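**Student:**
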Amino acid sequence: MSANAPKRGSAKTVGSPGPAVFRSVLVPIDLTPGSDRVLGRLRMLPLATDGDVTILHVIPGSLPPRERREAERYAKKALASEALHLRESLSTNVGVDALVTLGSAAKDIGTAATETKAELIVMGRGGGRALRDAFLGSTAERVLRQAKLPVLVARLAARAAYHRPALALDLDQAAHEVLRCMLRLIPPPRPPVTVIHAFDFPYSRSAYTMLSEDEAEERKAEIQSKAAHELARCLREALTKAHVPPAHAPHWEMHVRYGSPRLVVPKAVSKAETDLLVLGTRGYTGPAHVFLGSVAGDLLREVKCDVLVVPPSPGAAKTHP
Numbered sequence: 623m624s625a626n627a628p629k630r631g632s633a634k635t636v637g638s639p640g641p642a643v644f645r646s647v648l649v650p651i652d653l654t655p656g657s658d659r660v661l662g663r664l665r666m667l668p669l670a671t672d673g674d675v676t677i678l679h680v681i682p683g684s685l686p687p688r689e690r691r692e693a694e695r696y697a698k699k700a701l702a703s704e705a706l707h708l709r710e711s712l713s714t715n716v717g718v719d720a721l722v723t724l725g726s727a728a729k730d731i732g733t734a735a736t737e738t739k740a741e742l743i744v745m746g747r748g749g750g751r752a753l754r755d756a757f758l759g760s761t762a763e764r765v766l767r768q769a770k771l772p773v774l775v776a777r778l779a780a781r782a783a784y785h786r787p788a789l790a791l792d793l794d795q796a797a798h799e800v801l802r803c804m805l806r807l808i809p810p811p812r813p814p815v816t817v818i819h820a821f822d823f824p825y826s827r828s829a830y831t832m833l834s835e836d837e838a839e840e841r842k843a844e845i846q847s848k849a850a851h852e853l854a855r856c857l858r859e860a861l862t863k864a865h866v867p868p869a870h871a872p873h874w875e876m877h878v879r880y881g882s883p884r885l886v887v888p889k890a891v892s893k894a895e896t897d898l899l900v901l902g903t904r905g906y907t908g909p910a911h912v913f914l915g916s917v918a919g920d921l922l923r924e925v926k927c928d929v930l931v932v933p934p935s936p937g938a939a940k941t942h943p
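Residue numbers (the working numbering): 623 to 943.
1. I think A918 touches V900, with their Cβ atoms under 8 Å apart; what is that distance to the nearest whole Å?
2. Could you please give me the residues that DSSP links to H865 through a beta bridge?
3. Assuming contact is defined by CB atoms lying nearer than 8 Å, are T738 and T676 in contact in what I supplied?
4. Quick one: residues in its chain with C-beta nearer than 6 Å to the C-beta of P810, no 5 flanking neighbours on either side, listed in chain order?
5. Would the beta-carbon of R747 fall within 8 Å of that of R777?
6. At what residues does the alpha helix (DSSP H) containing I944 begin and finish?
7. So that I know if they touch, is there some Cβ in chain C lying closer than 8 Å to that of E689?
8. Does the Cβ of E799 have 16 or more other Cβ atoms within 10 Å, making it buried, or fewer, making it exposed?
9. Is it a yes or a no for the region 703-717 touching the region 727-742, going by three-plus beta-carbon pairs under 8 Å?
10. Rounded to the nearest angstrom, what separates F644 and V891 at their Cα positions?
11. DSSP puts R879 in a beta bridge; with which residues?
12. Taking 8 Å as the threshold (C-beta atoms), are L669 and V716 in contact?
13. Quick one: what's got a C-beta closer than 6 Å to S646's C-beta in the same chain, skipping five residues either side?
14. What is the C-beta distance between P787 and D897, in whole angstroms, given that I count them as a contact (C-beta under 8 Å)?
15. Excluding five sequence neighbours on each side, which residues of the same chain lie with their C-beta closer than 8 Å to the C-beta of A849?
16. How would you write the range of the beta strand (DSSP E) that V680 sits in, first residue to last?
17. Let me check one thing: in DSSP terms, what residues is V775 bridge-paired to?
18. Buried or exposed: which applies to M745, given that a residue is buried once 16 or more other Cβ atoms fall within 10 Å of its Cβ?
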């Protein structure tokens, strides 16, 4: 990766960050009109008063030399202007750096995230090409696999702080990390949060099960009740681990439904008029991603609101989707 603008190199380490602030944020922009949504959302994030923001533009390395030089001149000028506007609108102590690189978007974003010790990546997502996205994933998905950091994909115009968030939660080891990241992104006073959980009912597909229709419905209701109970316990434990007092905890609006998360989550998001969907990803790469697919990737393409995707923490065990 070739840098064409100075970088701080790392986030500040003086002091102790609060639970609801980000100290270093990386903001890749493509200099299209959609970049305004990304930068607008950045201005509303809970940033540390002495934090760092790095705005990044990656020029495709495949450009011919003449076009590359023109693109570099334009990008440097545009990013310098954006950095100036950000310094004027953010806290006076927040540092803003502009970085232009030449290469591959996902790889350079991952490298920049490491160099700046970013805690969050905020970026947009264009329409993409359906077939290419299906096999290779969108740039946002490739960034998730490359950087292994929470990625906030901004799609909506940032007119206000998030006030209709939804949390798509699975009952696995990643649930606490997903919730912790959401609480960090949305500081108190927090709005009500729709908690979405899709559960499976294996008996409905078994050729060896002799359950009647009534018995099957009764068993499904039992599984739903147990899932809701486990979900409530998981939320309580996550709040305790995040040291969130009851007064700062959001009101949970449970939405536990039978079916695939690829169907249940978009329907619930649409019904709740959600402006932010928060979910985790199992972190599949390579052949596992191609053949099994990514629920997070599918939802990222399907829903129309902003999406915060939280990857598994390093060393977390991977399970099937």
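Built from N, CA and C at the ideal position, the CB exists for glycine as well.
From a predicted model like this one, the values you see are computed outputs, not experimental measurements.
**Tutor:** The structure says:
1. Not really, about 11 Å apart at Cβ, beyond 8 Å.
2. According to DSSP, which records beta bridges pairwise, H865 is partnered with nothing at all.
3. Going by C-beta atoms, T738 is nearer than 8 Å to T676.
4. Excluding sequence neighbours, P810 sits near H870.
5. Between R747 and R777, the CB-CB gap stays under 8 Å.
6. The chain is shown from 623 up to 943; residue 944 falls before or after that span and cannot be answered.
7. No chain C is present in this structure, which holds just one protein chain.
8. Flag for E799 reads buried.
9. Output reads no: the region 727-742 does not touch the region 703-717.
10. Near 26 Å, if we compare the C-alpha coordinates of V891 and F644.
11. Per DSSP, the beta bridge partners of R879 are A820.
12. Yes, the pair counts as a contact, with Cβ atoms nearer than the cut-off.
13. Around S646, the same chain offers A633, D674, T738, K739, A740 and E741 as residues with beta carbons nearer than 6 Å, after the five sequence neighbours per side are excluded.
14. That belief holds up - the Cβ atoms of P787 and D897 are roughly 7 Å apart, short of 8 Å.
15. Taking C-beta separations shorter than 8 Å and ignoring five residues to either side along the sequence, the partners of A849 in its chain run L793, H819, F821 and V878, following chain order.
16. Note, V680: beta strand (DSSP E), L669 to P682.
17. The partner list for V775 (beta bridge, DSSP) reads M745 and V929.
18. M745 should be labelled buried.
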